[in-house]
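Colleague:
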Amino acid sequence: MNKHIIFFTTFLCVIALATAAKPCWLGGWAINVVNQVNGTDKGHVYAHCKSKNDDIGFHKIKYQHSTTWKFCENIFGPTTLFFCHAYKGQHQELVFDVFTQDTIKPLCRELDFKANYWRCSWLLRDDGIYLVDRREKGKEKNMKMHDWKHRA
Ligand SMILES: *[C@@H]1O[C@H](CO)[C@@H](O)[C@H](O)[C@H]1NC(C)=O
């Protein structure tokens with residue numbers, strides 16, 4: 771057999787294996803919403819997250835636990851948007867976006883192109899809702915994004 775054909779076939783197999791091993795073409799996203807509420811509402815945190823096509827469900831999140839889900843983006847014109855309705859104690863809640871193309875994705879994307887999944891992490895705390903800013907490798911920062919809203 772022609773050397774070039776052997777080389778080319780091997781090359782195609784390597785590409786096929788490499789992409790099959792990855793669940794998503796360019797790496798997918800793993801989103802997690804972590805309960806760090808440690809004050810009077812400790813143990814009373816719930817979240818219901820969804821996108822247009824995916825409903826993650828209503829979850830009670832234990833202290834220091836999280837609710838996590840993964841998804842793959844369309845390479846061509848990604849439009850995925852996730853939002854959560856979070857509840858803390860009896861009187862505080864908030865509906866907020868957890869993944870948007872223009873504002874949130876650039877903040878939580880890690881500078882690691884070998885990652886199978888990029889993590890986007892949200893922290894629910896007593897004083898509000900934080901996003902883990904992963905723009906600088908090795909210099910993660912927790913950024914407060916929202917205050918809780920009081921329910922009457
Ligand atoms: C509660 O959590 C906040 C931030 O996560 C931390 O700064 C604080 O020290 C914690 N308080 C207690 C009592 O553990």
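If you want this note's numbering, it's the 1-based position in the sequence shown plus 770. Think of the CB as a built atom: it goes at the ideal place given N, C-alpha and C, for glycine as much as any other residue.
Can Q806 be considered in contact with ligand 1, in the sense that its beta carbon sits closer than 8 Å to one or more heavy atoms?
Modeller: Within the cutoff, so yes.
Colleague: With distances taken between CB atoms, is the gap from D824 to F841 smaller than 9 Å?
Modeller: Yes; because the gap between Cβ atoms is below 9 Å, this pair is in contact.
Colleague: State the DSSP-derived secondary structure class of H814, mapped to helix, strand or coil.
Modeller: Here H814 sits in coil by DSSP.
Colleague: Determine, using beta carbons only, whether Y833 and N805 come nearer to each other than 9 Å.
Modeller: Going by C-beta atoms, Y833 is nearer than 9 Å to N805.
Colleague: Assuming contact is defined by CB atoms lying nearer than 9 Å, are Q860 and K919 in contact in what I supplied?
Modeller: No, these two residues do not count as a Cβ contact at 9 Å.
Colleague: Would you mind reading off the limits of the beta strand (DSSP E) that contains C878?
Modeller: No beta strand (DSSP E) contains C878, which is instead part of the alpha helix (DSSP H) from 875-878.
Colleague: Regarding L893 and ligand 1, is the C-beta to nearest heavy atom distance less than 8 Å?
Modeller: Yes.
Colleague: Can you tell which of Q871, L864, W888 has its C-alpha closest to the C-alpha of A922?
Modeller: That would be L864, whose Cα lies nearest to the Cα of A922.
Colleague: Run through DSSP, which three-state label would K909 get?
Modeller: Reduced to three states, the DSSP call for K909 is coil.
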